[in-house]
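Peer 1: The structure's right below; bear with me while I get my questions together.
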Amino acid sequence: FIGLLCASLILLVMGTFWALRRGEKEAFPKYEFLPNERRTYANEFLGYVHPLLVYSVVALLCGIADRWMLQSYAGSEEQGFYGLAYQIGAACFLFTAAMRPLLTREFAKAGARNDVAEQAVLFRRYLPVLYCVAAYFGIFTVFHADLITEFIGGHEFEAAVSVVLLMGFYPIHQTYGQLSGALFYANAETKTYRNIGCTGMLLGLPLSYFLIAPTDSGGYDLGALGLASKMVCIQFFTVNIGLWVNTRRLSLSYFNLFIHQGLVILILAATAFGSRQLMSLVGLNSVLFFLMSGICYTAACGGWVFLAPKLLGLRAQDLDVVKSKLGTIFR
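Residue numbers (the working numbering): 128 to 458.
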């Protein structure tokens, strides 16, 4: 597996060099520095990167510590349960993760002009939409954790259902964390980003111990479920601290965005529960039940888009564009 990853990286680098040469562009263009310019760039680079380096080291060590405690106290089976749940949760985050570089770019362009108002518009416009997209996948995972676990892991992973269910919530708030973090990156506020993230990770270590360790060692002996609980709780804590800092800077209402988080989850949870209950009235095998439940859930979510577009941060003109595109498709 490591060999496959290294080969993929080497092929990516080689392909990039080939594409640059074909476009008659230099991979490492020469640049003549002015006097003292080299030192200025070096200081700026170190000031930006140093907090991220500290953050990465703390994240690595805390991640190793979490997995070590899970392995030592709960064993390989629980390690496998958590690994499966984490990968399923990460899959829910693919779309919104791809949007982060684009938003970082737009935030940075506005930041270069000191245009806080433009950053506020981007923040208020795109975060609710992407949060709803992540919640759409995450809540569906929560209410169909048993089927997803059976399809991917088989009957041997039946005990992992509760862990997969809980980790379905993880990518929902991770979306807010990643996109709120994009604003920290764009404004070169990497120290603030480091402080919030490291505080959450360090507070999470004793919580991991108490949730994973056996009862005779003062813990709750929850294994993979305990680590998943810790990840969701710490994620919620750090995300909302970062969100509060950014909303103050942009003069936005943190309370409205906080309420939005819970309201979206409640609406989508009711929708997912309703679609599952409706399909349970029809005698279907597990594959068809999963597909039809997904179709019903998606259709109901589409209805929510038109009934309550403000939940997604959409405006009336945005809906008009959607309607016109749908009319073109089905014409």
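No residue lacks a Cβ here, since even glycine has one placed at the ideal position from N, Cα and C.
Roughly how many angstroms lie between the CA atoms of Gln246 and Ala309, to the nearest whole one?
Peer 2: Cα to Cα, Gln246 sits roughly 11 Å from Ala309.
Peer 1: Pick out the complete alpha helix (DSSP H) segments inside the stretch 297-331, 4 residues or longer, and give them in chain order.
Peer 2: The stretch 297-331 contains these whole alpha helix (DSSP H) runs: 297-313.
Peer 1: Grouping DSSP H, G and I as helix and E and B as strand, with all else coil, what is Phe364?
Peer 2: Correct three-state label for Phe364: helix.
Peer 1: Is it true that the CB of Tyr213 sits closer than 9 Å to the CB of Leu197?
Peer 2: The answer is no: Cβ separation not under 9 Å.
Peer 1: Just the Cα atoms here: how many angstroms apart are Met419 and Phe278?
Peer 2: One C-alpha to the other measures close to 16 Å.
Peer 1: When the distance is taken between beta carbons, is Phe222 closer than 9 Å to Gly265?
Peer 2: No.
Peer 1: As a quick exercise: from Ala186, Leu390, Leu434 and Leu379, pick the residue whose alpha carbon is nearest that of Val248.
Peer 2: Ranking Ala186, Leu390, Leu434 and Leu379 by Cα distance to Val248 puts Leu379 first.
Peer 1: Quick one, are the C-beta atoms of Leu293 and Val243 less than 9 Å apart?
Peer 2: Not in contact: Leu293 and Val243 (Cβ atoms no closer than 9 Å).
Peer 1: Indicate the three-state DSSP secondary structure (helix, strand or coil) for His387 in the structure shown.
Peer 2: The answer is helix: DSSP assigns His387 an H, G or I state.
Peer 1: From Arg194 to Leu441, what distance separates their C-alpha atoms?
Peer 2: Rounded to the nearest angstrom, the two C-alpha atoms are 41 Å apart.
Peer 1: Please work out which residues of its chain come closer than 7 Å, Cβ to Cβ, to Val391, disregarding the five sequence neighbours upstream and downstream, and give them in chain order.
Peer 2: Cβ neighbours of Val391 beyond the five flanking positions: Tyr258, Cys259, Ala262 and Leu438.
Peer 1: How big is the Cα-Cα spacing for Gly304 and Val366?
Peer 2: So the two alpha carbons sit approximately 5 Å from each other.
Peer 1: Among the residues of its own chain, which have a CB less than 8 Å from the CB of His387, if the five just before and after it don't count?
Peer 2: Excluding residues within five positions, the ones whose Cβ falls inside 8 Å are Pro255, Tyr258 and Leu438.
Peer 1: Indicate, with yes or no, if the ligand SAH has a heavy atom lying under 8 Å from the CB of His300.
Peer 2: Looking for the ligand SAH in the displayed structure turns up nothing, as the structure carries no ligands at all.
Peer 1: So for Lys357, helix, strand or coil by DSSP?
Peer 2: If DSSP states are grouped into helix, strand and coil, Lys357 belongs with the helices.
Peer 1: State buried or exposed for Leu415, treating a residue as buried only when at least 16 other CB atoms are found within 10 Å of its CB.
Peer 2: With fewer than 16 other Cβ atoms within 10 Å, it is exposed.
Peer 1: From Leu132, Thr268, Thr317 and Ile339, pick the residue whose C-alpha is nearest to that of Thr398; which is it?
Peer 2: The shortest Cα separation from Thr398 among Leu132, Thr268, Thr317 and Ile339 belongs to Thr268.
Peer 1: Which residues in the same chain as Tyr336 place their Cβ atom closer than 7 Å to its Cβ, once the five residues preceding and following it in sequence are excluded?
Peer 2: Here the set comprises Met196 and Gly346.
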